[in-house]
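Trainee:
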Amino acid sequence: MASKVYFTNFRTSYRENLPQKLARLVKKAGMLENIDFANKYTAIKIHFGEPGNLSYLRPNFARVIVDLIREQGGRVFLTDCNTLYVGRRKNALDHLDAAYENGYNPFATGCHVIIADGLKGTDETLVPINGTYVKEAKIGRAIMDADIVISLNHFKGHESTGFGGALKNLGMGCGSRAGKMEMHSAGKPVVDPNTCVGCGSCRKICAHSAITITDKKASIDHSRCVGCGRCVGICPMDAVEPANDESNDILNCKIAEYALAVVQNRPSFHISLVMDVSPNCDCHAENDVPIVPDVGMFASFDPVALDVACADAVNRQPVTAGSVLDGLPHVHHDHFKDSHPETNWMSAIDHGVQIGLGSKEYELIEI
Numbered sequence: 018m019a020s021k022v023y024f025t026n027f028r029t030s031y032r033e034n035l036p037q038k039l040a041r042l043v044k045k046a047g048m049l050e051n052i053d054f055a056n057k058y059t060a061i062k063i064h065f066g067e068p069g070n071l072s073y074l075r076p077n078f079a080r081v082i083v084d085l086i087r088e089q090g091g092r093v094f095l096t097d098c099n100t101l102y103v104g105r106r107k108n109a110l111d112h113l114d115a116a117y118e119n120g121y122n123p124f125a126t127g128c129h130v131i132i133a134d135g136l137k138g139t140d141e142t143l144v145p146i147n148g149t150y151v152k153e154a155k156i157g158r159a160i161m162d163a164d165i166v167i168s169l170n171h172f173k174g175h176e177s178t179g180f181g182g183a184l185k186n187l188g189m190g191c192g193s194r195a196g197k198m199e200m201h202s203a204g205k206p207v208v209d210p211n212t213c214v215g216c217g218s219c220r221k222i223c224a225h226s227a228i229t230i231t232d233k234k235a236s237i238d239h240s241r242c243v244g245c246g247r248c249v250g251i252c253p254m255d256a257v258e259p260a261n262d263e264s265n266d267i268l269n270c271k272i273a274e275y276a277l278a279v280v281q282n283r284p285s286f287h288i289s290l291v292m293d294v295s296p297n298c299d300c301h302a303e304n305d306v307p308i309v310p311d312v313g314m315f316a317s318f319d320p321v322a323l324d325v326a327c328a329d330a331v332n333r334q335p336v337t338a339g340s341v342l343d344g345l346p347h348v349h350h351d352h353f354k355d356s357h358p359e360t361n362w363m364s365a366i367d368h369g370v371q372i373g374l375g376s377k378e379y380e381l382i383e384i
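Residue numbers (the numbering used here): 18 to 384.
1. Hey, I156 and V144: beta-carbon distance below 8 Å or not?
2. Answer yes if the region 175-183 comes into contact with the region 267-280, meaning at least three C-beta pairs across the two stretches below 8 Å, and no otherwise.
3. Helix, strand or coil for D134? Go by DSSP, reduced to three states.
4. For the alpha helix (DSSP H) containing T126, name the first residue and the last one.
5. What does the alpha-carbon distance come out to for the pair I165 and R28?
6. Output the residue ranges of the alpha helix (DSSP H) runs that lie fully inside the region 238-280 and measure 4 residues or longer, sorted by chain position.
7. Whose C-beta lies closer than 6 Å to the C-beta of G148 among residues of the same chain, with five residues either side of it excluded?
8. Run the CB neighbour count on M161, radius 10 Å, all protein chains shown included, and call it buried at 16 or more, exposed below.
9. If distances are taken between C-alpha atoms only, which option among Y73, H129, L187 and A40 comes closest to S285?
10. Is the region 340-347 close to the region 294-306, with three or more CB pairs under 8 Å?
11. Check the C-beta distance from V312 over to I366 and give it rounded, since I have them as a contact under 8 Å.
12. Return the first residue and the last residue of the beta strand (DSSP E) that N147 is part of.
13. CB I63 to CB D97, shorter than 8 Å?
14. In the region 296-381, which residue ranges form an unbroken beta strand (DSSP E) of at least 3 residues, counting only runs that do not cross its ends?
15. In chain order, what residues of the same chain have a beta carbon less than 6 Å from the beta carbon of V336, not counting five sequence neighbours either side?
16. Could you pull the DSSP bridge partners for T139 from this structure?
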């Protein structure tokens, strides 16, 4: 059965600006009508943007959703989990600084920011899903403590998954640091001896006695290691590194399974803004020229259908002059695959359908 996806373009008038238009879109899509927000903890999952990147969503859009939920009596907060890579968002303190720097503070958004997997990315809930690739998803605890999940997504390209939309925001974004390692890695973490100072933090947190310290350097016994990734999050020197050796197709499938872990058994709603469609993720500390013109705003209760509708809309657009796509051969007739030929975004979509996360068939309703 086709899922309903609601759409509006970015055209405005003297009577209606973009925030007002976004509010009208989500109301028309049934978010307020079909979800009881009264006295419910509501997590709005969003990417705050790596400082230096200017294509992340402006906090003004988040404020629209926050105000609508608070008007319904909801207890709402903005959230994300810490990153696996070393950057400005790998622990809660730096992450909050980055969010505030990019405008995500209570004065601008009307609610608080909570980093869902805690100070060092180790505060997680194990969510059973018994998937093909993941048996227990490691999700940031604050996200799992919420009664309702809203994903507010910047739809853009991605160097590993093809694009980043609702599934990427939910799956990879809600994983703890150990969860992110599980999605990215087929193997187990290793220690960089050039960075390790032998402090023993990793040995103390390891529940399987897999780590030893010799000559002030840690080493991991992979015959004991279960790949939980907690040593990755706890290392103060970022000396413990994930393998980052999973194939892109399996990475996409794991993301779909993690997304299922986040939304199953509770209300959820999903909003994607197809604007500033940079070729790479907002985790980069820079953003390139958008590969296509801005398209519009989309909303749906089905994250799979939403991602397909957004991808189809992008692929109908002309290539932006001067972008990375300009002048490249368009052999795949797909802007995302032409940007990153080694990716296959349909693997996440097909797996999402297979596990019951949603439908790739959609009815586009324009308002």
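Every residue gets a Cβ at the ideal spot worked out from N, C-alpha and C, and that includes glycine.
Mentor: According to the data block:
1. For the purposes of this step, residue 156 is identified with residue 139 of the sequence shown, where counting begins at 1. For the purposes of this step, residue 144 is identified with residue 127 of the sequence shown, where counting begins at 1. Taking 8 Å as the Cβ cut-off, I156 and V144 qualify as a contacting pair.
2. yes
3. Taking the sequence shown and counting its residues from 1, the one referred to as residue 134 is at position 117. Three-state result, D134: coil.
4. Stepping through the sequence shown from its first residue, residue 126 is reached at position 109. That run of the alpha helix (DSSP H) goes P123 to T126.
5. Residue mapping note: residue 165 aligns to position 148 of the sequence shown, counting from 1. Residue mapping note: residue 28 aligns to position 11 of the sequence shown, counting from 1. The straight-line gap from Cα to Cα measures roughly 31 Å.
6. 247-251 and 265-280
7. Taking the sequence shown and counting its residues from 1, the one referred to as residue 148 is at position 131. Result list for G148: E274, in chain order.
8. For the purposes of this step, residue 161 is identified with residue 144 of the sequence shown, where counting begins at 1. That one is buried.
9. Translated into positions along the sequence shown, residue 285 becomes position 268. For S285, the nearest C-alpha among the options comes from L187.
10. yes
11. Residue 312 sits at position 295 when you count from the first residue of the sequence shown. Residue 366 sits at position 349 when you count from the first residue of the sequence shown. Not a contact, Cβ separation roughly 18 Å.
12. By one-based count along the sequence shown, residue 147 stands at place 130. Looking at the DSSP string, N147 is not in any beta strand (DSSP E), and its letter there is neither H nor E.
13. Sequence index remark: in the sequence shown, residue 63 carries index 46 (1-based). Sequence index remark: in the sequence shown, residue 97 carries index 80 (1-based). Yes, Cβ-Cβ distance for I63 and D97 is below 8 Å.
14. 313-317
15. Locating residue 336 in the sequence shown gives position 319, counting from the first residue. Closer than 6 Å at Cβ, skipping near neighbours: L342 and D343.
16. As a working mapping, residue 139 is identified with position 122 in the sequence shown. Paired residue(s): none; T139 is not in a bridge.
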